[in-house]
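Participant: Quick one: the structure is below, and I'll ask about it shortly.
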Amino acid sequence: MITTRGFTGRGRAKADEKRVPPGQYVTEDFPVLSAGPTPHTPLEGWTLAVQDGGSLVGKWTWEEFQALPRTELTVDIHCVTKWSKLGTVWEGVAIDDLLVAAGLEEPPAPYLMAHCDGGYTTNLPLEDLLGGKGLVATRFDGEPLAPEHGGPARLLVPHLYFWKSAKWVRRLRFMEQDEPGFWESLGYHIYGDPWREQRYDGD
Amino acid sequence: MSREEMCSTLDGNAAGGLLREVFAFDATAARITCAGCARMVPMGELRLYAIELGAILRCPSCDEAVVRVGRTPRGLWLDLRRAATVVTVSARAP
Amino acid sequence: MTAIEAAPPPARAGARRLAWRQAEVIEKVAETRRATTLVLDVPGWPGHRAGQHVDIRLTADDGYQAQRSYSIASPPEALRLALTVERLERGEVSPWLVDEARPGDRFELRGPIGGYFAWSVAAGGPLLLVAGGSGVAPLMAMLRHRAASGEAGRVVPARLLLSSRSFADIIYREELERLGSARGGPGIVHTLTRERPPPGWRGHARRIDASMLAEVGFPPAAAPNVFVCGPTTMVEAVAEALVGLGHEPGRVKTERFGATGGG
Chain Z
110 MITTRGFTGR GRAKADEKRV PPGQYVTEDF PVLSAGPTPH TPLEGWTLAV QDGGSLVGKW
170 TWEEFQALPR TELTVDIHCV TKWSKLGTVW EGVAIDDLLV AAGLEEPPAP YLMAHCDGGY
230 TTNLPLEDLL GGKGLVATRF DGEPLAPEHG GPARLLVPHL YFWKSAKWVR RLRFMEQDEP
290 GFWESLGYHI YGDPWREQRY DGD
Chain A
5 MSREEMCSTL DGNAAGGLLR EVFAFDATAA RITCAGCARM VPMGELRLYA IELGAILRCP
65 SCDEAVVRVG RTPRGLWLDL RRAATVVTVS ARAP
Chain G
187 MTAIEAAPPP ARAGARRLAW RQAEVIEKVA ETRRATTLVL DVPGWPGHRA GQHVDIRLTA
247 DDGYQAQRSY SIASPPEALR LALTVERLER GEVSPWLVDE ARPGDRFELR GPIGGYFAWS
307 VAAGGPLLLV AGGSGVAPLM AMLRHRAASG EAGRVVPARL LLSSRSFADI IYREELERLG
367 SARGGPGIVH TLTRERPPPG WRGHARRIDA SMLAEVGFPP AAAPNVFVCG PTTMVEAVAE
427 ALVGLGHEPG RVKTERFGAT GGG
């Protein structure tokens, strides 16, 4: 492989290995990567649903959702395209609180598929969402979440690669078996742990 | 928000190299039928997203993801389920 | 997917394997304050059609790679490949190409790519080219090819409508003037969209719209081959306007110029 004289790529700061997963570089930017056009769902029409089998066990309008317990998180996020952004500040509703609001003491199934405006999906084990590990985030950096970054609401699961933090989330569907979502069915890793560098199927 | 921020800034032409790897012939002129709305367009006119991860090519009429490609170090993963047909072109100049 | 109907695969560039080759920078030509042409030597280059592009790949010392697409600005007749690159604000590859690259530098390149957005004299005309900014590069390859084709090129009526931010940002301005004033040369019309035109300006001074296209372009009844290249909003507005004027959608070929991966 020939190298190109004088090419270093985007300012890629040498990363602290304990803080930043292998193969990642730190960025100050917040790159936008989308699989489709940015949806613009008006808040009046927005709802978030939790689905178990054929029934909805929870459904909230924007006003109802805003009334749920709020959680703030400051976390590092890691994209499979190798950028990491440190110390990002988010606010939203923890999945734990969402399930309580839906009247569920226990998750009825071990896996969940997130369904989003525009058709994007991603799959997650419940144990990676509970215990404060996952939020439905509506604010970033003290402001309402911008549409190109997933506003009005996106999933936030920072301990996994950021494609799992599904933008424009609208429905969380319980699943008995793990099934691949949008990128997972195109060769990306079914789980996506950045610390084990699980970018692709077979890693 | 400007239109440019909402929509794709690229089309199937920019995925031409990737499509060559998938199809082993130049596919940008090949016409593809959207399984969603039955619109038929050359692949060069599909709207292109997520070029960093592969290519998501969407129908210019209804935004259906007609061609989905994931690029991994071990190969390309292709999903054409939302394409109804693909018609290639002959060697005759257009 | 239920069926693939296939004619025999294209005999020319289509069937050949698309391998990464080595390109060596031979010369750099500053076109404007933002755009530079790199003239390249690519051993084994299989030839191309005007309008096609290449993918290039740069590799840093630590193995980090960045890949981008650039249109070929040189005609098939030229001995060397030319790419015209505009430096993008927060780009990663374009600043290296425009500011850093020097003769002798090497990088990887593959192509030619793109049978959709390509033209040759044999395809006939009239030929209507509409470009926004650095989107003029693939259309310049078409005009250079037409000029290199002697009488066969001259008999194809051709016009270029080029939109640029300002007079100083017009890429290939002098060469376009020479092409335009040659015998049988193409009609060249300019429009400037951001800064005020210089005194004595005879071109337009606004974004391309339907009335400009109606005035400058060939009538739909002439069934021109149309190629539109530039930023996505411009391309969409122009394509829509042309179809609205009566041009057949299948004859209007579009290529959106954006950052193929962040500049």
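Residue numbers (the numbering used here), protein chains in the order written: chain Z, 110 to 312; chain A, 5 to 98; chain G, 187 to 449.
Note that beta-carbon positions come from the ideal geometry of N, C-alpha and C, so glycine has one too.
1. Leaving out the 5 sequence neighbours to the left and right, which residues in its chain are closer than 7 Å to R7 of chain A when beta-carbon positions are compared?
2. Smallest Cα separation from L325 of chain G: which of G:E337, G:P229, G:G237 and G:V421?
3. Closer than 7 Å by beta-carbon distance: list the chain Z residues that pair up with G74 of chain A, in chain order.
4. So with CB distances below 8 Å, who are the chain Z contacts of Q208 of chain G?
5. Hey, A246 of chain Z and G201 of chain Z are a contact pair by Cβ (cut 8 Å); roughly how many whole angstroms apart?
6. Do the stretch 417-435 of chain G and the stretch 10-20 of chain A touch if we need at least three Cβ pairs shorter than 8 Å?
7. If we ignore side chains and look at the alpha-carbon of each, how far apart do A42 of chain A and A88 of chain A end up?
8. So which of G:R392, G:E361, G:F293 and G:I374 has the shortest CA-CA distance to R382 of chain G?
9. Less than 7 Å between the C-beta atoms of V279 of chain G and R296 of chain G, yes or no?
10. G145 of chain Z versus chain G: which residues are under 9 Å apart at the beta carbon?
11. Excluding the 5 residues preceding and the 5 following A54 of chain A in the sequence, name in chain order all residues of the same chain whose CB lies nearer than 7 Å to its CB.
12. So with Cβ pairs under 7 Å, would you call L82 of chain A a contact of chain G?
13. Considering only C-alpha positions, which residue in the set Z:K168, Z:V141, Z:E181 and Z:H149 is nearest to G251 of chain Z?
14. Label C188 of chain Z either buried or exposed according to how many other C-beta atoms from any shown protein chain fall within 10 Å of its C-beta, with 16 as the threshold for buried.
15. What do you get for G200 of chain G, buried or exposed, if any count of 16 or more other CB atoms within 10 angstroms of its CB means buried?
16. Which chain G residues sit within Cβ distance under 7 Å of R114 of chain Z?
17. Tell me which same chain residues have a C-beta within less than 8 Å of the C-beta of P216 of chain Z, skipping the five on either side of it?
18. Closer than 9 Å by beta-carbon distance: list the chain G residues that pair up with T117 of chain Z, in chain order.
19. Which runs of the alpha helix (DSSP H) at least 4 residues long sit entirely within the stretch 121-185 of chain Z? Give them in chain order.
20. Which residues bound the alpha helix (DSSP H) around F27 of chain A?
21. Tell me which same chain residues have a C-beta within less than 6 Å of the C-beta of V322 of chain G, skipping the five on either side of it?
22. For A97 of chain A, which residues in the same chain have their Cβ closer than 6 Å to its Cβ, ignoring the five residues on either side in sequence?
23. Compute the Euclidean distance between the alpha carbons of R75 of chain Z and G311 of chain Z, then round it to the nearest angstrom.
24. Name the DSSP beta bridge partners of N411 of chain G, please?
25. Between Z:Q160, Z:G163 and Z:W155, which lies nearest to F174 of chain Z when the distance is taken from Cα to Cα?
26. So Y229 of chain Z and G145 of chain Z are in contact, right, with Cβ under 8 Å, and what is the actual spacing, rounded?
27. Starting from H234 of chain G, follow its DSSP beta bridges and name the residues at the other end.
28. Would you mind reading off the limits of the beta strand (DSSP E) that contains S367 of chain G?
29. Using a beta-carbon distance below 7 Å, is E25 of chain A in contact with chain Z?
30. So S349 of chain G is in the alpha helix (DSSP H); what residue range does that whole segment cover?
31. Going by beta-carbon coordinates alone, are L267 of chain G and V215 of chain G separated by less than 7 Å?
32. What number of angstroms, rounded off, separates the C-alpha of V375 of chain G from the C-alpha of L399 of chain G?
33. Would you call W169 of chain Z buried or exposed, if buried means 16 or more other Cβ atoms sit within 10 Å of its Cβ?
34. Who are the neighbours of H331 of chain G on chain A, taking C-beta pairs under 9 Å?
35. Is any beta-carbon of chain A found at less than 7 Å from that of E217 of chain G?
Facilitator: Based on what the coordinates show:
1. Caution is warranted here: a pLDDT of 38 is assigned to R7 of chain A, below 50, making its placement in the model unreliable, and no coordinate value can be reported.
2. G:G237
3. W292, L295, G296 and Y297
4. I111
5. 4 Å
6. yes
7. 8 Å
8. G:R392
9. no
10. In chain order: nothing, as chain G lies at least about 15 Å away.
11. I60
12. no
13. Z:E181
14. buried
15. Bear in mind that the predicted position of G200 of chain G carries a pLDDT of just 46, short of 50, making it too unreliable to give a figure here.
16. D291
17. L208, L235, L239 and F283
18. A246, D247, D248, Y250 and W282
19. 171-175
20. G20 to F27
21. L348 and I357
22. A caution first: A97 of chain A carries a pLDDT of 47, below 50, which makes its placement in the model too unreliable to give a value.
23. Because chain Z here runs from 110 to 312, residue 75 of chain Z falls outside it and cannot be looked at.
24. G:L313
25. Z:W155
26. 7 Å
27. For H234 of chain G, which the question treats as bridged, DSSP gives no partner whatsoever.
28. Here S367 of chain G belongs to no beta strand (DSSP E); instead the alpha helix (DSSP H) covers R359 to S367.
29. no
30. Where S349 of chain G is concerned, there is no enclosing alpha helix (DSSP H), although the beta strand (DSSP E) it sits in stretches over A344 to S350.
31. no
32. 11 Å
33. buried
34. Those within 9 Å of H331 of chain G in chain A number zero; the least Cβ separation is about 13 Å.
35. no
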